[in-house]
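Chemist: Here the UniProt record's numbering is used: the first residue of the sequence shown is 1, the next is one more, and so on. Glycine included, every Cβ here is placed at the ideal spot set by N, Cα and C.
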Amino acid sequence: MNVALPALIFANVVPSFTPSNVSALGPVILIASIYMISGFLMGIIIREICYVPRNFWQGIVIMTGMSNWGNLPNAIVLSVTQQPPFNPATDPALGVSYVSIFTVCYHVIFWIGGGAHSLSWDYLPGVPQGEEAERRISWKERPIGHLIAKYILRLPATPSTQNAGDASKDEESLSEKQEKASVETFEIPVPDVPKTIVSEEAPHGLPLETTLKRGSSVPSATSNHCPICSASCDYPSGVATNDSPYLSSRRAAPSDAIACRLDRTLQTAKASRRRLSVGASITIEGKPSLLSKGLLRLGAILRPFKAILHPVTVAISISLPVALVQPLKALFVDVSSQGGPSWHGPDGRPPLAFVMDTAQFIDTIAVPLALILLGASFARITVPHPFSRLPIMAILLVTAAKMIVLPVMGVFIVQAMTRKGLIPQDARAEKFVSMLLSGTPAAVNQMIVSSLHAPDGNVDTIAAFYLAQYVFMIIGSSALTAVSLLLV
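Here you go:
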């Protein structure tokens, strides 16, 4: 598809766009922006008023705002514009060209604008997943509802059940860690006995400092004899053991072996710090230099612009200049009737006509391949059971927003722009495409990106939203096509 769709765009944009009709780009981009902004706003409203799983809060906004403006509309436009009242000679190519403008707007927002990256917000650490994400919460715990309750209604802050659950889990985890630590170290308080306190952090290059609560010194010995269990332990070479009163007091403890290991660990750390203080060189590996920091920062800035290299974006970036610059266009198609140069090869055709023939040959597989990909996407859908787990109301409202509300808005917007002169009265292909693309379901790219971010790759909730929209598309697209043909 990354080969067929760019070939389809190039083969249709170059012959169809001329300096006289390129002014249609502005209204088409404006309409696409209105559709996306309206969808985002409706998605936010649905998220605030309906039950939506916690790990789909951002996904429902993207799904409502971003539509399938790539493969599916091209198949419909190519089929419909070959019949009256359209001109079969020019309108199919114009229709595909207008669809490609919608496609570029989609890719700019989804990839460069951060739409795809925002889907990862639903799977960040700390965001509930699985059954925990399906727990219902009050409106005051939702993003917009929380702001309204805090700054407008001035409601007192109440700990949410989510926070309470997290706090209880944290307490349980902390208690388990404390019990585990007490079992491992066998901390037995010994009153009135000087204790050795080892500083946890010591500056590099300084010896590890030890202090005694009562100021008594700690004698050291170089023997590998353990002062705790009265046995010979394998201390590292150069590690001194301290036969302190505190250690000798623990010889009678029942946990001699564990205490021995603990003392050996402390002595090893102490010896390591002493070796560092003697003058061993410390090499901090991986510390980035100034140049590497600059390169990393530049890469982070330019990373979103990698989407510009998407095949569709590259195809439209090449096709538009070729279509609008007459000398370039004359290399691919005959523009003598438009007042351009008449350049012909030995066969009487433009010099690079074979490039156009190749693009037209490859683009014939774009439509059937799009339908195959759509069917393959449906094959991956697994609807969770029981259905009561699904956000039924949110699914219905998103489907109604994308397949009913937005199409009605699109028809009125296109008609208003036609009356105001932004769209010519005889621009049938432009009006048809602008109205048709207001009622397309969500793009399949979201399901692919979300499955990459999901911890277990489970996107069953998203699949249920897709299934409802594509089933309703059978009726919605037919009705919208009929209304559009009536108004063009």
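So, is Y470 buried or exposed, given that buried needs 16 or more other C-beta atoms within 10 angstroms?
Modeler: Buried.
Chemist: Can you give me the start and stop residues for the alpha helix (DSSP H) that S451 sits inside?
Modeler: Unbroken alpha helix (DSSP H) run through S451: N445 to H453.
Chemist: Secondary structure at A442, three-state DSSP: helix, strand or coil?
Modeler: DSSP places A442 in strand when its eight states are reduced to three.
Chemist: Should V325 be labelled buried (16 or more other beta-carbon atoms within 10 Å of its own) or exposed?
Modeler: Looking at its Cβ environment, which holds fewer than 16 other Cβ atoms inside 10 Å, V325 is exposed.
Chemist: Using the three-state DSSP reduction, which class does S342 fall into: helix, strand or coil?
Modeler: In the structure shown, S342 sits in coil (DSSP, three-state: anything other than H, G, I, E or B).
Chemist: What residue does the alpha helix (DSSP H) around D426 start on, and which one ends it?
Modeler: No alpha helix (DSSP H) holds D426; DSSP gives it neither H nor E.
Chemist: Do you know whose CA, among L147, D334 and A366, lies nearest A353's CA?
Modeler: It is D334.
Chemist: Once the 5 residues before and after A149 are set aside, which same chain residues still bring their CB inside 7 Å of it?
Modeler: Correct list, in chain order: K140 and L155.
Chemist: Just confirm the distance between the C-beta atoms of V28 and I44, as a whole number of angstroms; I'd bet it's less than 8 Å.
Modeler: Their Cβ separation, rounded to whole angstroms, is 25 Å, which puts V28 and I44 out of contact at 8 Å.
Chemist: Which residue's Cα is closest to the Cα of F17: L5, L94, V104 and A4?
Modeler: For F17, the nearest C-alpha among the options comes from L94.
Chemist: Can you tell me which of L5, A32, Q82 and P19 puts its alpha carbon nearest to the alpha carbon of G70?
Modeler: Of the candidates L5, A32, Q82 and P19, the one whose C-alpha sits nearest the C-alpha of G70 is L5.
Chemist: Can you give the beta carbon distance from A454 to T399, rounded, assuming they're within the 8 Å contact cut?
Modeler: Going by Cβ atoms, the distance from A454 to T399 rounds to 22 Å, so no, they are not a contact pair.
Chemist: So, helix, strand or coil for S100, using DSSP?
Modeler: Helix at S100.
Chemist: Report the option in D363, W121, F40 and P424 whose CA atom is closest to the CA atom of V22.
Modeler: Comparing Cα-Cα distances from V22 to each of D363, W121, F40 and P424, the minimum goes to P424.
Chemist: Counting C-beta neighbours from all protein chains within 10 Å, is the total for E131 16 or more, i.e. buried, or is it exposed?
Modeler: So E131 ends up on the exposed side.
Chemist: Which same chain residues end up closer than 8 Å to V3 when comparing Cβ atoms and leaving out the 5 residues on each side of it in sequence?
Modeler: P311 and I362.
Chemist: Report the three-state DSSP secondary structure of S79 (helix, strand or coil).
Modeler: If DSSP states are grouped into helix, strand and coil, S79 belongs with the helices.
Chemist: With distances taken between CB atoms, is the gap from residue 491 to I9 smaller than 9 Å?
Modeler: Only positions 1 to 488 of the chain appear in the structure, and residue 491 is not among them; the question remains open.
Chemist: Between which two residues does the alpha helix (DSSP H) carrying P407 extend?
Modeler: Element bounds for P407: L406 to R419.
Chemist: Starting from the C-beta of P350, find all residues in its chain whose C-beta is less than 7 Å away, skip the five residues before and the five after it, and write them out in chain order.
Modeler: Only A330, L331, F332, V333, D334, W343 and H344 meet the Cβ criterion.
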